[in-house]
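S.K.: One line per chain: the protein sequences are A and B, in this order.
Residue 231, in the working numbering, is where the first sequence stops; the numbers in between run on with no holes.
Residue 231, in the working numbering, is where the second sequence stops; the numbers in between run on with no holes.
So that we are looking at the same thing, I have put the structure below in structure tokens.
Protein chains: 2
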Amino acid sequence: MNLRLFAFVGGNAGMWRVARMKTVVGEPIPEAKRLNIVPGEGFQNDRQASWVLRGITSNDRYVVRDEKEQLVARQPGLGRPEAVCAALIPIRKNAAWWSLPQDERRKVLEEQSKHVAIGLQYLPAVARRLHHCRDLSENEPFDFLTWFEYAPANESAFDRLVTELRASEEWKYVDREIDIRLVREPA
Amino acid sequence: MNLRLFAFVGGNAGMWRVARMKTVVGEPIPEAKRLNIVPGEGFQNDRQASWVLRGITSNDRYVVRDEKEQLVARQPGLGRPEAVCAALIPIRKNAAWWSLPQDERRKVLEEQSKHVAIGLQYLPAVARRLHHCRDLSENEPFDFLTWFEYAPANESAFDRLVTELRASEEWKYVDREIDIRLVREPA
């Protein structure tokens, strides 16, 4: 079965050690020492966890055929042995974003902000999986959880990637963002 | 609070009497005599229910600015006293649909199938609320639940609306569809 739902559990367990957490904008989330990623519906609420963020992979919302083909051709899978660095970046967009019609959200995302084009520049160095949260329930704390994996040598490239996106028109609609950096380090 | 999540509970209770249920394509669902619509997260699993279908309202996925403005100007709200007829139409689309990039889904939906343009012709006669299910969990039985309300005098117009849509290119991607017609008739 193709698993789409993932629970990201911050606490004291899991093979990813939290190297640092930074609140970029909006309300922070509690500190955590380690991160466990639990696929599927099987996650049981864990009283030891500092937080649990859930997201589900879904269909593309903005990319056109040509962009999709470039992404598919160049994007690496998760779990590469050398990619021992990771980032979990939960973000929420404001009501103004969600009330825009599809064509205007696309224009902001790509024609103005070059979201896809910027991302393509960092392939295949940075692997990425996007999880949607907004429609899991009525009151999710974030709209998206993006998970990135890269080798230590690509950390400064990854920093440039997020800096470019945060300077974009699209990011004016982001009202909550946490940047969690991790290192794969089985306990 | 703006409620987005709704549970549609088929069974023996609720103010909507099931007038008929037709499986248009794919696996049927069990018969039900009445329908109860429960807003919010509060729904508790009901052993008396024949089925429970959950869906959540969300942002527009395809409409452009001009279409959205026409829809907003012409679409009526739910609950009009004269709109005692309703339809609940759960549908699922196949994997080929979900793997298309955004521009190609839009082309099929509107440029080829005139989904929005057809719907506009039946406003303000037919009120509509679209609920998304696909990203509520990994294994939802349908992708969308659409709820329609109209006056008895507009029933044949509503039949034309669904007939037009079912003949469209977009509907070639629909692999499961149930058409449930209801009458508002408090028990």
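Ideal Cβ placement from N, Cα and C applies to all residues, glycine included.
Between the beta-carbon of glutamate 113 of chain B and the beta-carbon of serine 181 of chain A, is there less than 8 Å?
M.R.: Here residue 113 of chain B refers to the residue found at position 69 of the second sequence. Here residue 181 of chain A refers to the residue found at position 137 of the first sequence. No; because the gap between Cβ atoms is not below 8 Å, this pair is not in contact.
S.K.: Hey, is asparagine 103 of chain B's beta-carbon within less than 8 Å of any beta-carbon in chain A?
M.R.: Reading the second sequence from its first residue, position 59 is the one you call residue 103 of chain B. Cβ-Cβ to chain A under 8 Å: yes for asparagine 103 of chain B.
S.K.: Whole angstroms is fine: what's the gap from aspartate 104 of chain A's alpha carbon to arginine 210 of chain A's?
M.R.: On the first sequence, residue 104 of chain A is found 60 positions in, with the first residue counted as 1. On the first sequence, residue 210 of chain A is found 166 positions in, with the first residue counted as 1. Approximately 21 Å, taken between the alpha carbons.
S.K.: To the nearest angstrom, how far is the alpha carbon of glutamine 156 of chain A from that of aspartate 147 of chain A?
M.R.: Taking the first sequence and counting its residues from 1, the one referred to as residue 156 of chain A is at position 112. Taking the first sequence and counting its residues from 1, the one referred to as residue 147 of chain A is at position 103. Roughly 12 Å separates the two Cα atoms.
S.K.: Quick one: which chain A residues come within Cβ less than 7 Å of arginine 109 of chain B?
M.R.: The count along the second sequence starts at 1 and reaches residue 109 of chain B at position 65. Pro145, Asp147, Glu148, listed in chain order.
S.K.: Check the DSSP bridge columns for glutamate 184 of chain B and list the partner residues they point to.
M.R.: As a working mapping, residue 184 of chain B is identified with position 140 in the second sequence. Its beta-bridge partners do not exist; DSSP assigns none.
S.K.: Starting from glycine 163 of chain A, follow the alpha helix (DSSP H) in both directions and report where the run begins and ends.
M.R.: Taking the first sequence and counting its residues from 1, one reaches residue 163 of chain A at position 119. It spans 159-165 - the alpha helix (DSSP H) in which glycine 163 of chain A sits, taken as one unbroken run.
S.K.: Would proline 134 of chain A and leucine 189 of chain A qualify as a contact pair, given that the criterion is a beta-carbon distance under 8 Å?
M.R.: In the first sequence, counting from the first residue as 1, residue 134 of chain A sits at position 90. In the first sequence, counting from the first residue as 1, residue 189 of chain A sits at position 145. Yes, they are a contact pair.
S.K.: Measure the C-alpha to C-alpha separation of histidine 159 of chain A and leucine 226 of chain B and round it to an integer number of angstroms.
M.R.: Here residue 159 of chain A is taken as the residue at index 115 of the first sequence, counted from 1. Here residue 226 of chain B is taken as the residue at index 182 of the second sequence, counted from 1. In a straight line, the C-alpha of histidine 159 of chain A is about 45 Å away from that of leucine 226 of chain B.
S.K.: Over the uninterrupted alpha helix (DSSP H) stretch that includes glutamate 111 of chain B, give me the two end residues.
M.R.: Your numbering for residue 111 of chain B matches position 67 in the second sequence. Residues 109-118.
S.K.: Is the beta carbon of alanine 171 of chain A closer than 8 Å to that of glycine 121 of chain A?
M.R.: Start at 1 with the first residue of the first sequence, and residue 121 of chain A comes out as number 77. Start at 1 with the first residue of the first sequence, and residue 171 of chain A comes out as number 127. Result yes, Cβ atoms of glycine 121 of chain A and alanine 171 of chain A sit closer than 8 Å.
S.K.: Does the stretch 70-84 of chain B come close enough to the stretch 48-62 of chain B to have 3 or more Cβ pairs within less than 8 Å?
M.R.: Yes, since at least three Cβ pairs between the stretch 70-84 of chain B and the stretch 48-62 of chain B fall closer than 8 Å, the two stretches touch.
S.K.: For my contact list, leucine 164 of chain A and arginine 118 of chain A are in at a C-beta cut-off of 8 Å; report their separation, rounded to the angstrom.
M.R.: In the first sequence, the residue the question calls residue 164 of chain A occupies position 120. In the first sequence, the residue the question calls residue 118 of chain A occupies position 74. The Cβ separation is near 7 Å, so the contact holds.
S.K.: Return the bridge partner residues of leucine 132 of chain A from the DSSP annotation.
M.R.: By one-based count along the first sequence, residue 132 of chain A stands at place 88. The partner list for leucine 132 of chain A (beta bridge, DSSP) reads A:Trp191, A:Ile224.
S.K.: Anything in chain A within Cβ reach of leucine 180 of chain B, meaning under 9 Å, just list it in chain order.
M.R.: The residue given as residue 180 of chain B occupies position 136 in the second sequence. Those are Ile100, Asp179, Leu180, Ser181, listed as they occur along chain A.
S.K.: Relative to the C-alpha of proline 185 of chain A, which candidate in A:Val116, A:Arg136, A:Ser200 has its C-alpha closest?
M.R.: Taking the first residue of the first sequence as position 1, residue 185 of chain A is located at position 141. Looking at the Cα atoms, A:Arg136 is the closest of the given residues.
S.K.: Assuming leucine 205 of chain A is part of the alpha helix (DSSP H), what are its boundary residues?
M.R.: For the purposes of this step, residue 205 of chain A is taken as the residue at position 161 of the first sequence. It spans 199-210 - the alpha helix (DSSP H) in which leucine 205 of chain A sits, taken as one unbroken run.
S.K.: Say whether chain B places a C-beta atom closer than 8 Å to the C-beta of arginine 48 of chain A.
M.R.: Your numbering for residue 48 of chain A matches position 4 in the first sequence. With 8 Å as the cut-off, arginine 48 of chain A counts as an interface residue toward chain B.
S.K.: Measuring alpha carbon to alpha carbon, tell me which of B:Lys151, B:Ser143, B:Val128, B:Glu213 ends up nearest tryptophan 191 of chain B.
M.R.: Taking the second sequence and counting its residues from 1, the one referred to as residue 191 of chain B is at position 147. Selected option, being the one with the closest Cα: B:Val128.
S.K.: DSSP has arginine 91 of chain A in a bridge; who is on the other side?
M.R.: Counting from 1 along the first sequence, the entry for residue 91 of chain A is found at position 47. In the DSSP output, where bridge partners are listed per residue, arginine 91 of chain A has none listed.
S.K.: Going by DSSP in three states, leucine 153 of chain B sits in which element: helix, strand or coil?
M.R.: Your numbering for residue 153 of chain B matches position 109 in the second sequence. In this structure, leucine 153 of chain B counts as helix in the three-state DSSP scheme.
S.K.: Please list, in chain order, the chain A residues whose beta carbon lies closer than 8 Å to that of histidine 176 of chain B.
M.R.: For the purposes of this step, residue 176 of chain B is identified with residue 132 of the second sequence, where counting begins at 1. Per Cβ cutoff of 8 Å: Asp179.
S.K.: Taking the straight line between their C-alpha atoms, what separation do you get for glutamate 229 of chain B and tyrosine 217 of chain A?
M.R.: Taking the second sequence and counting its residues from 1, one reaches residue 229 of chain B at position 185. Taking the first sequence and counting its residues from 1, one reaches residue 217 of chain A at position 173. Cα to Cα, the separation comes out at about 45 Å.
S.K.: Rounded to a whole number of angstroms, what is the C-alpha to C-alpha distance between serine 167 of chain A and aspartate 223 of chain A?
M.R.: Counted from its first residue, the first sequence places residue 167 of chain A at position 123. Counted from its first residue, the first sequence places residue 223 of chain A at position 179. A quick correction: the sequence has leucine, not serine, at residue 167 of chain A. Their Cα atoms are separated by approximately 20 Å.
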